[in-house]
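Sequential numbering of the sequence shown, starting at 271, is according to the numbering used here. Below is one structure, written out as structure tokens; the observations come after it.
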Amino acid sequence: MTDTTIRSVADLPTTVEPAIVVGAGAAGLAVAHALMNAGVPTAILEQESRLAEPWHRRHQQLHLNTHRDLSSLPGLAFPPGTPAFPQRMVVIRHMNDFQKENRLPVQFGVAVEEITFMGDHWALRTSAGPRLARNVVIATGRDRQPFIPEWKGMKDFVGRIIHSADFGDAQDYAGQKVLVVGAGNSGFDALNHLAGIDTAAIWLSARSGPALLPKRIAKIAVHRLSPFMARLPLRVADAVMAATQRLVFGDLTKFGLPPAPAGGASRLTSDYTAIAADDGAVSAIKAGKITVVPGIREFTRDGVILANGSLIDPDIVIAATGYRTGLEPMVGKLGVLDAKGVPLFNGGEADPKLPGLWFTGMRPSIRGCFANAGILAKAIAKRIAGSASHQPSALR
């Protein structure tokens, strides 16, 4: 469609639905479940043709960094025997089981292109035609669009540049010289897998150090402490994480990693930087298999010039450089996004000037995305069910 707005009331349906959830990921399924349990009739619109499409697209080795007991959708535990950190296909099955068990009415293949405030309800322009709703919950995810910076000279580089979302099979990197750019959660995920592969070389380009925790201390999964950590004041949580990192790993600046610019809990809140999990990468750095280097200055045809002027010659560059929400076409005109495209409010928070607009799953959490999805879902459902806006109605 070339028209980017809904032209007139005559183009719209006459029924105003109580609630529409946009996106059927973990956050969308959780909030739809909570709304329906609260007696709010809810439709779920999903642009993909199946559930968990981003999980289907990710690499075979991908698994949760969060413990299974704190990573299930509300009311549905993982099957007995599930590993502590569920693998990608287990997560996909879990989401499908949740949708089927709760009979959540997902409408697949429907993309929401723009939403417009109509005074006391919302108009949605979708690929399947317009819809009206009193409440719209946007749950399309904070990692909807992989982001790669525009580095100088990158188009001339004869090697491959991929995003960490397209990591693929770790065995494909055997014999290759690999540069991982970014020492955050995605960067360490790639490094954890590469550490066990017989590569020709691995470099980690890091402009700033990570907030980094081990997956386990002895036999204890560190993530099991996340509910306790989430209740601490930010500065206390920062101090606990920093002390744990130093105790377990020692001083990583000795191996070239820069210090972190702020505490792990503070960065979650201020710039939405997720906490990285180590599962072999640190040992590989200490053993010299992974070499930490400065940030990228520019690309050449055959290599990468680093910030200190040195040159390396990777075959493959993995950009672990984050994601964008991609919400600008949908809600960019409403003034609800910050400079990075992240919604200014999330969960049970709302803008009183835009009643009925909600966001969920748009920021990382110490608890992890699945546990946080359930918490935010309850908060949103309570707000909507407690208002007068959850009954079906017709325009007069």
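Positions of the beta carbon are idealized from the N, C-alpha and C atoms, including for glycine.
CB contact flag (residue i, residue j, <8 Å)
i, j, result
"R338", "F348", "yes"
"A668", "P484", "Lying outside 271 to 666, the shown extent of the chain, residue 668 is not represented and no answer is given."
"Q515", "L538", "no"
"D585", "D572", "no"
"A403", "V286", "yes"
"S475", "P419", "no"
"P528", "S478", "yes"
"P324", "V310", "no"
"G592", "A409", "no"
"I385", "V606", "no"
"V382", "T396", "yes"
"A651", "L305", "yes"
"I472", "K559", "yes"
"G533", "A512", "yes"
"N455", "A544", "yes"
"L374", "A302", "yes"
"A297", "T630", "yes"
"A491", "A354", "yes"
"F525", "I555", "yes"
"L322", "M365", "The sequence given here places Ala at residue 322; Leu does not occur at that position. Going by C-beta atoms, A322 is nearer than 8 Å to M365."
"L340", "A557", "no"
"V510", "L502", "yes"
Own chain residues within Cβ distance below 7 Å of residue i, not counting five before or after
i, result
"A460", "S434, F437, V450, I588, A590"
"P531", "S478"
"F368", "L299, L343, L346"
Reduced DSSP category for residue i - H, G, I as helix; E, B as strand; rest coil
i, result
"S456", "helix"
"G656", "coil"
"K648", "helix"
"F387", "strand"
"E316", "strand"
"V492", "helix"
"T523", "helix"
"N372", "coil"
"P634", "coil"
"P288", "strand"
"A481", "coil"
"S278", "Per-residue confidence for S278 stands at a pLDDT of 47, beneath the threshold of 50, marking its modelled position as unreliable; the derived number appears in the next sentence. Here S278 sits in coil by DSSP."
"F498", "helix"
"F640", "helix"
"M271", "With a pLDDT of 35 at M271, under the threshold of 50, the modelled position of this residue cannot be trusted; read the value that follows with caution. Residue state, collapsed to three classes: coil."
Host alpha helix (DSSP H) of residue i (start-end)
i, result
"Q515", "504-519"
"L299", "296-307"
Close Cβ partners of residue i (< 8 Å) along its chain, the five nearest in sequence each way excluded
i, result
"Q377", "A313, I314, L315, E316, A398"
"V598", "Strictly speaking, residue 598 in this sequence is Glu, with Val absent from that position. The answer, listed in chain order, is L607, G611."
"L614", "V606, L607, D608, D621"
"Y542", "R412, K610, V612, R633, P634"
"R320", "H326, F378"
Span of the beta strand (DSSP E) around residue i
i, result
"W421", "Careful: W421 lies outside any beta strand (DSSP E) and carries neither H nor E."
"L394", "392-396"
"L627", "627-629"
Close Cβ partners of residue i (< 6 Å) along its chain, the five nearest in sequence each way excluded
i, result
"V552", "F519"
"G457", "V450, A590"
"G644", "A300, P344"
"H391", "V286, L402, R404"
For the region 324-365, which segments carrying the alpha helix (DSSP H) assignment without a break, of at least 4 residues, lie completely within its bounds, in sequence order? none
Go through the region 525-606 residue by residue and report every complete run of the beta strand (DSSP E) that reaches 3 residues or more, in order. 546-548, 560-563, 566-569, 574-576, 586-589
Please list the segments of the alpha helix (DSSP H) lying wholly inside the region 399-478, counting only runs of 4 or more residues, in order along the chain. 455-464
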